[in-house]
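Position 136, counted from 1, in the sequence shown is what this note's numbering calls 141; the numbers after and before it change by one each time, with no gaps. Take a look at the structure set out below.
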Amino acid sequence: MNMMNPDISLSNETVPVSEPERQYYYIEKAKTYVEALRERLGRPVTFCVTTFGCQMNARDSEKLRGILEQIGYIEAEEEEADFIIYNTCTVRENANTRVYGRLGQLKPRKQKNPHMMIGLCGCMMQEPEVVEKLKKSYRFVDIIFGTHNIFKFAELIVNRFESDRMVIDIWKDTDQIIEDLPNDRKYAFKSGVNIMFGCNNFCSYCIVPYVRGRERSRDPKAIVREIQKMVADGVVEVMLLGQNVNSYGKTLEQPMTFAQLLKEIEQIEGLERIRFMTSHPKDLSDELIQVMGESKKICKHLHLPVQSGSSRILKKMNRRYTKEQYLDLVERIRAAVPDISLTTDIIVGFPGETEEDFQETLDVVRKVRYDSAFTFIYSKRTGTPAAAMEDQVPEDVVKDRFDRLLKEVQTIAAEVCSVHEGTTQTVLAESVSDHDSTMITGRMSNNLLVHFKGEETLIGKLVNVHLTECKGFYYLGELVE
Ligand code: SAH
Ligand code: SF4
Ligand code: F3S
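Written out as structure tokens, the structure reads:
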């Protein structure tokens, strides 16, 4: 029975069973509830989606926003929002801690404003212990769902409006990919595009395969169609997203490679730039290196997570490459794409890591000379093989290694960054500079940022900028007419 608005519950007979039609039905139905609430409050009903974690989550949040806007919610700051959604991450323990902290702060606000709704979704919700904890100690949360069913958001909202209890819907895994639902892009001129979901690699430290499910690729035609639509709508740059884009296509009925997909996307007229992440070194093919070398649109940047420089640790991590294979791969990429910028992820303090192993990591950093690197302290994730390994490294030892690694990475990055000084580069003007409203911030093909004097009307355009001064990790430049 409809507890909140008994007069507007519709008969179940009319609910479509196939997707996405079913969700469009629920979007219409949710609209009536939000409209009723708007009348009751005498003002627009607002939402705020906060994203934790990676680009995958950021793209999911755009889908949530798209659905909420269709339903009639208006975006607002969290302090004012009637519906607050946290799209969570659980890759490292501190990501979880932050969510519990934020939730604790919401409790008194929700008590004062009973019409408020709180929704939790994303990777953290795929962990049964998290949901148990929420059910026990965070009863004021309204909707909990996972990574496999975000397409059902409108339906879950309706379920919540029609009951007086917490709505929980978590799927263990899925083989479904629902196309053609609304989404609201953060930027008008660039966008993330999912090409695959899930991960089959089971690196021994990583929780992602458990919370994102098995690897499945989107139909290439659906990907191309989506990008064509985006381009017609003003997008010039896409970021193809997957946990391991190099294994794209393996699960399709008609298998194809990531390199082949890139060639098809390259053909899309009006699309100027193609980026992708993340590339697993073990699956990076010669075919891909060749396509990157020949492409006019693929950006000169490759994020190639190494995780560790020690072959012994890499084996324990289940990464399936050695230090030598990684360095050889880097050489081959550099030979084919000489001006490519390389970035990476590194974990310090994996169980059993010795000073010797750590020196191997420093050695890779010195040999590759990354443009930048994300460095992480190993975080024990319950349920992963590494969590059960002996010899967890003491905290103070890890901290000391982390500091030394960061220093090395930053010193090298500053040197590598400065080599472009004096050159002219094509940049995509992305925003008005945070620090100076007369300046525009643009992004070069290699992913470095440059600030230059310019008008806001340039945003979304590709322009030529002369790089006058390197400031460590970014540039100052001048617009070239
Ligand atoms: N699919 C991507 C990585 C996604 S997670 C890839 O394979 O490259 C992003 C990064 O988080 C990883 O590259 C890794 O460096 C880091 N990470 C994952 N699990 C971690 C853990 N348990 N502790 C610390 N860092 C971790
Ligand atoms: Fe995690 Fe490894 Fe999969 Fe990346 S490839 S998401 S690190 S299991
Ligand atoms: Fe975090 Fe999930 Fe991404 S665990 S890093 S948000 S895939």
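A virtual CB, placed ideally from N, CA and C, is assigned to each residue, including glycine.
If you ignore the 5 residues before and after SER450, its C-beta comes within less than 6 angstroms of the C-beta of CYS304, LYS305, all in its own chain and listed in chain order. In the three-state scheme derived from DSSP, where H, G and I count as helix and E and B as strand, VAL54 is classed as strand.
Closest in alpha carbon position to ALA35, among ASP65, SER66, GLY77, is GLY77. Short of 6 angstroms from the beta carbon of ASP189, and not among the five residues preceding or following it, lie these beta carbons of its own chain, in chain order: GLU67, ARG70, GLY71, GLU74. For the pair ILE90 and GLY124, the CB atoms are nearer than the 8 angstroms cut-off. Comparing alpha-carbon positions, the option among SER168, LEU293, VAL240, LEU246 lying closest to PHE263 turns out to be LEU293. Partner residues in a beta bridge of ILE232, as assigned by DSSP, do not exist. Within its own chain, the residues whose Cβ lies closer than 7 angstroms to the Cβ of ASN206, once the five positions on either side in sequence are excluded, are PRO214, ASN249, HIS285, listed in chain order. Beta-bridge analysis with DSSP links ILE445 to VAL437, PHE457. DSSP places GLU292 inside the alpha helix (DSSP H), whose first and last residues are 291 to 299. Under the three-state reduction of DSSP output, ARG144 falls in the coil class, being neither helix nor strand.
When secondary structure is reduced to three states using DSSP, HIS120 falls in the coil class, being assigned neither helix nor strand. For the ligand SAH, a non-hydrogen atom lies closer than 7 angstroms to the CB of GLN248. Within the stretch 158 to 218, the runs of alpha helix (DSSP H) that reach at least 4 residues and sit entirely inside it are, in chain order, 158 to 166, 213 to 217.
For PHE207, the shortest separation between its Cβ and any heavy atom of the ligand SF4 lies below 7 angstroms.
DSSP places ALA86 in the coil class of the three-state scheme, outside both helix and strand. DSSP places ARG43 in the helix class (H, G or I) of the three-state scheme.
In this structure, the CA atom of HIS120 is about 13 angstroms from the CA atom of GLU40.
Within 10 angstroms of the beta-carbon of THR473 lie fewer than 16 other beta-carbons, which makes it exposed. By the neighbour-count criterion, in which 16 or more other beta carbons inside 10 Å mark a residue as buried, GLU80 falls on the exposed side. Of the residues ASP147, ARG223, LYS195, PRO113, the one whose Cα lies closest to the Cα of MET201 is ARG223. The Cβ atoms of GLY151 and MET130 sit closer than 8 angstroms to each other. Counting the other Cβ atoms within 10 Å of the Cβ of ARG371 gives fewer than 16, which makes it exposed. Between ILE270 and VAL229, the beta carbon gap of about 7 angstroms places them in contact (Cβ cut-off 8 angstroms).
When beta bridges are read from the DSSP output, THR349 appears opposite ALA378.
Under the three-pair Cβ rule at 8 angstroms, the stretch 240 to 249 does not count as touching the stretch 389 to 404. Per DSSP, HIS425 has no beta-bridge partner at all.
When GLN312, ASP350, TYR29 are compared, the shortest CA-CA separation from ALA378 is found for ASP350.
Remark: C-beta atoms of TYR375 and ILE417 approach each other more closely than 8 angstroms. Distances between the C-beta of VAL213 and the heavy atoms of the ligand SF4 include at least one below 7 angstroms.
Residue range 479 to 485 is occupied by the beta strand (DSSP E) that includes TYR479.
The straight-line gap separating the alpha-carbon atoms of ILE175 and GLU134 is approximately 13 angstroms. For ASN251, no beta strand (DSSP E) encloses it, and the DSSP letter there is neither H nor E.
Secondary structure at CYS475: strand, using DSSP grouped into helix, strand and coil.
Nearest Cα to GLU184 within the set ASP65, PRO49, LEU433: ASP65. Nearest neighbour of GLN430 by Cα position, chosen from GLU231, THR387, ASP288, LEU453, turns out to be LEU453.
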